[in-house]
Each structure stands twice: as structure tokens, then as C-alpha cells.
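Single-structure report; data block below.
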Ligand SMILES: Cc1ncc(C[n+]2csc(CCOP(=O)(O)OP(=O)(O)O)c2C)c(N)n1
């Protein structure tokens, strides 16, 4: 697959919306012009990020089964996308994520214990027990507050990027959405704004093939791909193997460079598979069979591991050491967070705090209501 | 009569409506093949075909906009919004279009459609799976707004809604899907099979929109409420020993003023209870109406017990929810006023 110049005319790369950018071939080799030239250490870091995300998800699901948390959403099988893009962008850039981009936070070095504090809604929860588990927020780590309402963040990312451009900043925005939620009007509003104002934004579509029980074609309609959505807005759009860490890194870097060079928005459809259930409230056995084994793009962790083994950047001993290390880190973070209580265990911060931050200054009627709450 | 959960009663109402009238079509997110995330439409696609019950793309604006078009054509769409918290993308279609189509076209076009949505908290759903937005609908001329509290009513009201010639917003407090939840979250929920209102007649029946139900007759004070809070008020009355008359309004618009006023005139005291936020909530409308029409019969000021004016919090949902303690204390205060 050809790698176009950053300022390539949109008509000349129009077909890329129908194709698939890949770097890692079936033998674990990095091939073609998109190979990002990462050092062995960078690649091992990438692998470790993904392994950490996977171990984190597994631990949270266990906590859910143990009745310690009320709800969880994993990203099993999709780890490469958020992890690699985080490493390809810069501090100061702002991601506008959905609930399935925990990889952005983890690869940014956000403390695991803070994430677990949020998931437990405990006394140290940075969001003070207000939000459903996994709806993190961290301005410092370039992670916009997650909304439960699908697609709203997509157009906000465009607005953030427009603001950065207006102020002559060099930071860019990255918008995230699942393929199912591209049906929402806010997605289309984002495209027209991004196109009209040539905003410095990456428009990510994570096509994991399922929106709860509904297969991807409900949102795709008669178009061949989701990247097709960019075409009508003259937004350069690429379709990429989302389970290929190297391809994700390279394409994210390309899109970020375009945005920073004031060449406008880039849309990327990341092809992947939601391997697990939609959430802990969902049981997929009612609507699909196990597809992971048949998924042609494989597993992102296995593929990068293979590449590192084949190229000699990793050996079995180091791989095992990494696995032990991430398990240990997650467990230590869990133990620490668990010592700060949980909503399930009834140990949370004072309910009076729910009245804070409704407004910048507490108005009288809320003060009066707060006085009626015990605790 | 068959014992049913509210989910089963709603499903049964769909079956009856779809069998009687082939203009009835049902659609929404995850509604078709899977039968809805709360399973209220389970089996409809298998039974009636994918042209009568189908999945949609995730677009609430699309769901309601398409339903308005279908209704204008002459169908009777009954659509589901997965959670009431997700109706906002559809709000323009509801408020500017469905609600006003009859009026703006002088009856040339109408929009007889039903929009169902689960409401209310108590499932640790946080701020986007817990809202009770009824006042955002009752404020809009042209909409009818129903809130159900039990399986028997749910079936009869849903059939009436689907058959109604105007757009009906049909709100289903998810906390009472499986039993008459009374706010005692620390106790196991009593299933509908152990409650008389879980007995649901087979076949077709309707409950006229605009008729309230006296849930519990009493003489000390009147409680005006609906949805989950009907059962909470019942628990509060039982626990305080106050002989409350609990009115389950069932339809907020149109309101059954006769039943409301008869009760307030009888008891002389009025407590308004809802889970939605207090300020500009439907309770304000009830309070104003009762005050205008029955002022001289009131022995105490009308009191409201509602959700606080904050987003619905995840960790503090039981401090937010107006449970039996808060409602009971308000009853006691009203009796000594
Ligand atoms: C406005 C809105 N409508 C509906 C929902 C309910 N909902 C939550 S996630 C989801 C499916 C989203 O699927 P997709 O966009 O493909 O993302 P994925 O979950 O696969 O990552 C739905 C319908 C919601 N959260 N917000």
C-alpha cells in the first residue's frame, strides 16, 4: 500500500477509503512504505502498553464477578488502536474518547490506581462518585471527559481543534467513535464542520463490527466502508488494519502531521473486532457466535509479540517478565484502590459533594437542598 | 389472567397491537433480532417478520423522524428509545414535528406514534442511564405523556397509546420492570408474581389515557405521584402509619383533574412526589393546579419531595432518590403542619 505525501490531493488518495493499510504481514514482518521505523525499545513499550490494558481489563472483569464494581467495559481485541495512537501523538493534544479507549489513558502513563478509584467510585475517585465506571476524565493526560451519550464528543473534538487553530496553537484534537454511533447526527455535524473549517483533527472510527447486538452494516448502510463517509466531505479517508500496532502508529502519525501542518482533517477507519461482550450488562450469546477465532486480522497483542520475536527484539524470557510485570502492576494498583472503599462496599465520599460543581458557585436552592442531605 | 412482569406485559401489549392492526410497526436500537436491551420486544421480529419489527441504526433523530413520516403516511409506529437519557437527539423531531404536525397543518397531517423509553434510576446507571425527563414532554403542547407503575396498567396504557391519534410519550421506570420496587434497595425486590397488579388479562383491553388510579384509599393526606414512586409512597404510608390516599396519575398530560381534586378536597393535604429534579418538574405543575383549584380546602401548604437539582450521581444514588424515609418524613411534617 502506497504512502501518500502529507499534502496529496484528496482525489488522488480517494481509493484508500476502500483499501486496507497494513504493515505487519502474516509472517510477523514489517513490510511496505508505512512501516513506521520504531526502535525495538519503542516496540516493546507498545507491547507492554497493550498487555497492561489487557491485564487491567481482565482484573476489572474479575472485580465485577466478585461483586466489587457495578459495571465495566473492556476493549479486548482493540488494544492496538488507542495504545499506538497515544504514542504517535504529543502531550498537549486532546483526545475525545468513547468508553472503549482506556488504552489512551494507560499508554499516556495515567496512574492505574486513579482509574480503579474511579471504577470503584471510592473515597479517592477523582470524579467523586458522579460517573458510571470507565467514564474517566483527565485534562492533564489529554483525555476529554467521557459522555454516556454517543457521538457528542465527535463534533466537540472538531471545535477543540478549531479553537487550537484560532489561537495559533500546535496542539491537535483526536475524535473517537464506534462504527455504530456514526449513525448519530453529531457524527455528520462533525464532518461538515471539519471539512468547512479544515480543522486540525483526526477523525477515528473504530469499526469493531458490533454495536451491542447490531452488526456493523446497520450503520454502514449501502456504503462499502465507513471510510467512505469522508469522501462526500472531501476529507482524506483511510481504512486501516486496527489490529496491527505498526499500521496504527504510522497512520496516526501521518494524520497528526497533516493536522499540524495545517492540511486539515483526516478520517481513519480502524478495522478490528469487539472480542468480548459490549459491557458487563450484555450477554452476546443471544445474538452472535464466537467470531474471534475466525477474524482474519488476528489478535493485536499476538501479532506484535510475533513481530518482536521474529526480529529478535524480544525473547521468551523478556516476554514472560513483561507479563509478570503488568500483572503485578495491576494487582498492586487494585489493592491500593480497594483500600479506599467502593460504592459496592458502601464506602464513598460524602453525598453532600454531589451538589458541588453543578455550577461554579453553589446557588441558594442547592445550598438548601444540600442541608437536607445527611452525611 | 396471567402473572407477568412489566416487561412481559409490555411485550404482550405489542403482540396484541400487532395482531389486531397491521399498521403497527415496532423499531429501535437492538429492538429487532435481540428483542431490546430490556427484552421488551423479544420475539416480535420472529413472530411478525422483520418488516414489522426491526433494528435501526443508532440514531434517535432517525428513529423518531422516520416514525413521524410513517405515521403521517398512515402507519402506527411504536418505537423504543433505548434509555430516556438518549432521547435528546430526537427532541427536535418530538417537539417541533410530532407534537405540532396536527396543529400546523390544521389536521391535514397527523403523527399517531408512540415513543417508549425506560426512565428513572436505582440501577447504578449514573447520569446517563437514570433520568426522568417527563417534564420536558409535559411542557410541550401536542404531546400526551404516560408514566407506568405496574404490569396491568402498562399493558392497557400501551394499547391505548398505540391506538391514540396523537403522539404519546410512554415512560417506563426501569426499576419497576421486575417488581414493585418501594425504595428499600437494601431488601430483595418482591416479584410482580406476588402482587395483584402483576395479574394481567389476556388479549385486548385499554386503559383510557387521562385517567388516574387510586392506588391506596386514605383520609389523612393525598399523595400525587406516578411510576416507581407510587410504591415508595405506599411503603412510606405503611411505615409511618399515616392514612395516605395515593393517586397514581398514570397520564400526566392529559391530567385526571377530577380524581386529583376529589382526593385533595377530601383530605385537605397534598404531597407531590417524583424522582425527577425538583425545579420546574411536573410537581410544580401539580402544585400550582391544586392550589388554583382547591386552595380553600387545603389545611397545609402543598409539599414536594423530588430528586435534588443535580445530575443523577452514580455513587450517591440512594442519597439522591426520594426513598421511603424522605417521603415518610414529609408525610409526618405535612400532618403536623
Ligand atoms: C445517544 C445514545 N444512544 C444510545 C446509546 C446506548 N448505547 C450505548 S453503547 C451503544 C452501541 C455503540 O456501538 P458502537 O458505536 O459501535 O461502539 P462499540 O460499543 O462497539 O465500541 C448503544 C446503542 C447511547 N449511549 N447514547
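Residue numbers (my numbering), protein chains in the order written: chain A, 1 to 375; chain B, 1001 to 1337. Note that CB positions come from ideal geometry on N, CA and C, so glycine has one too.
Would you say the beta carbon of residue 160/A comes nearer than 7 Å to a heavy atom of ligand 1?
-> no
Compare the C-beta of residue 287/A with all C-beta atoms of chain B and state if any pair is closer than 8 Å.
-> yes
Per DSSP, cross-strand counterpart(s) of residue 1078/B = 1026/B and 1114/B
State the Cα-Cα distance for the pair residue 1113/B and residue 1001/B, rounded to the nearest angstrom.
-> 28 Å
With DSSP run on the structure shown, which of helix, strand or coil describes residue 261/A?
-> coil
Beta-carbon separation of residue 113/A and residue 133/A under 8 Å?
-> no
Express the C-alpha separation of residue 128/A and residue 375/A in angstroms, rounding to a whole number.
-> If I take the Cα positions, the gap works out to 15 Å.
Chain B contact for residue 212/A (CB, 8 Å cutoff) = Closer than 8 Å to some Cβ of chain B, the Cβ of residue 212/A qualifies, so yes.
Residues bridged to residue 203/A (per DSSP) | Checking the DSSP bridge columns, you'll see residue 203/A partnered with 175/A and 267/A.
Between the C-alpha atoms of residue 153/A and residue 96/A, what's the straight-line distance to the nearest angstrom?
-> 6 Å
List the whole-angstrom C-beta distance separating residue 50/A from residue 239/A, where the pair is believed to meet the contact cut-off of C-beta under 8 Å.
-> Taking C-beta atoms under 8 Å as the contact rule, residue 50/A and residue 239/A fail to qualify, at a distance of about 21 Å.
Neighbouring residues, chain B, relative to residue 145/A (Cβ below 8 Å) | In chain order: nothing, as chain B lies at least about 11 Å away.
For residue 308/A, I'd like the list of residues in its chain whose CB is within less than 7 Å of its CB, leaving aside the five on either flank, ordered along the chain.
-> 43, 44, 47 and 314
Below 8 Å, can you find three or more Cβ-Cβ pairs linking the region 1039-1057 of chain B to the region 1011-1029 of chain B?
-> yes
Can you check DSSP and say which residues form a bridge with residue 1297/B?
-> The partner list for residue 1297/B (beta bridge, DSSP) is empty, contrary to what the question assumes.
Give every residue of the same chain whose Cβ lies closer than 7 Å to the Cβ of residue 1329/B, excluding the five residues on either side of it in the sequence, and list them in chain order.
-> none
Taking only the alpha-carbon atoms, compute the straight-line gap between residue 244/A and residue 35/A and give it to the nearest angstrom.
-> 11 Å
Ends of the alpha helix (DSSP H) at residue 40/A?
-> It spans 40-65 - the alpha helix (DSSP H) in which residue 40/A sits, taken as one unbroken run.
Using 8 Å as the threshold, is the region 1140-1150 of chain B in touch with the region 1159-1177 of chain B, meaning 3 or more CB pairs across them?
-> yes
At a cut-off of 7 Å, is residue 1119/B close to ligand 1 when judged by its beta-carbon and the heavy atoms of the ligand?
-> no
Residue 1222/B lies in the beta strand (DSSP E); which residues open and close that run?
-> 1221-1225
Out of 282/A, 220/A, 101/A and 194/A, point me to the one whose CA is closest to residue 146/A's CA.
-> Comparing Cα-Cα distances from residue 146/A to each of 282/A, 220/A, 101/A and 194/A, the minimum goes to 101/A.
What are the complete alpha helix (DSSP H) segments, minimum 4 residues, inside the region 1232-1317 of chain B?
-> 1257-1267 and 1282-1294
Mind reading off the beta-carbon distance from residue 219/A to residue 1058/B? Whole number of angstroms is fine, and I expect it under 8 Å.
-> 7 Å
Are the beta-carbon atoms of residue 1313/B and residue 354/A separated by less than 8 Å?
-> Yes; because the gap between Cβ atoms is below 8 Å, this pair is in contact.
Check whether residue 1302/B and residue 1287/B have beta carbons under 8 Å apart | yes
Mind the definition here: the region 1179-1187 of chain B touches the region 1220-1239 of chain B only if three or more C-beta pairs lie below 8 Å; say whether that holds.
-> Yes, the region 1179-1187 of chain B is in contact with the region 1220-1239 of chain B.
DSSP on residue 120/A, reduced to helix/strand/coil?
-> helix
Over the uninterrupted beta strand (DSSP E) stretch that includes residue 1144/B, give me the two end residues.
-> Note, residue 1144/B: beta strand (DSSP E), 1144-1147.
With a CB to CB cut of under 8 Å and the five nearest residues on each side skipped, what residues in its chain are close to residue 25/A?
-> 31
Find the nearest neighbour of residue 327/A within the set 56/A, 242/A, 231/A and 263/A, judged by alpha-carbon distance.
-> 56/A
Give the secondary structure of residue 1053/B by DSSP, where H, G and I count as helix, E and B as strand, and everything else as coil.
-> Strand, per DSSP.
Helix, strand or coil at residue 95/A [DSSP, three-state] = strand
In chain order, what residues of the same chain have a beta carbon less than 7 Å from the beta carbon of residue 162/A, not counting five sequence neighbours either side?
-> A distance below 7 Å between beta-carbons, with the five flanking residues on each side excluded, links residue 162/A to the following residues of its chain, in chain order: 197 and 199.
Please check if any C-beta of chain A sits within less than 8 Å of the C-beta of residue 1192/B.
-> no
Quick one: using the 10 Å Cβ neighbour count with 16 as the cut-off for buried, is residue 214/A buried or exposed?
-> buried
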